[in-house]
Amino acid sequence: MKAGAVEIGEAKNSTPTYGVNKGISILDFVLRLLAFAGALGSAIAMGTTNETLPFFSQLIRFRAEYDDLPSLTFFVAANAVVSRYLILSLSLSIFHIVRSRAQKSRILLVFFDTAMLALLTGSASAAAAIVYLAHKGNAKAKWFAICQQFNSFCQRISGSLIGSFVGMALLILIIMLCGVALSRR
């Protein structure tokens, strides 16, 4: 008689865990979509950024492009890699919605999510240093701020950084959610 009571109690305890893990999996899917949008938007915004200013005449022009600076090129490539990863990881996220008790695939996602977070953090940090120099310059090194002349260029690269930092924050939330789902098992 007691064995039957224990089984019923266990069934009741596993149902809320199943529902919570399913909710975590759905939230994981939505956050992955948002992080994908942030990373892809940042890559596109930075990759299409350029501005040309005439100097004294139409024959002499100054041009600013993202690929003039290796840090910004790395930023575009890293955001493209992270966005590809995030779109591919959606299939595992859907799998977790269907089978919310899966553990090994969640551990795999945590591993790759952490690697993508490191890549995104490194590229955004390198780009942020360049954006800071573009806005403020460096008097000691005699580097002039270019944002007074190339205003549109600076606005776009700054906006691109914001999207990447949002993607980083979402990846941190995704990793934390995976940890919660794994700990609930």
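Residue numbering for the sequence shown follows our numbering, beginning at 1011 and increasing consecutively.
Glycine included, C-beta positions come from ideal geometry on N, C-alpha and C.
| query | result |
| --- | --- |
| Can you look up A1155 in the DSSP assignment and give me helix, strand or coil? | coil |
| Going straight from the alpha carbon of L1082 to that of G1132, what length do you get? | 11 Å |
| Quick one: Cα of N1031 to Cα of C1188, how far? | 10 Å |
| Return the first residue and the last residue of the alpha helix (DSSP H) that F1227 is part of. | Within the shown structure, residues of the chain are numbered from 1011 to 1195, placing residue 1227 beyond reach of any answer. |
| So the alpha helix (DSSP H) Y1142 belongs to, where does it begin and stop? | K1114 to K1146 |
| In whole angstroms, give me the CA-to-CA distance for S1052 and L1171. | 7 Å |
| Roughly how many whole angstroms lie between the Cα atoms of F1084 and K1152? | 25 Å |
| Run through DSSP, which three-state label would L1171 get? | helix |
| Can you check whether the CB of F1105 is closer than 8 Å to the CB of A1112? | yes |
| Which of the three DSSP states is assigned to S1110 in this structure? | coil |
| For L1044, which of R1194, V1190 and A1179 has the nearest alpha-carbon? | A1179 |
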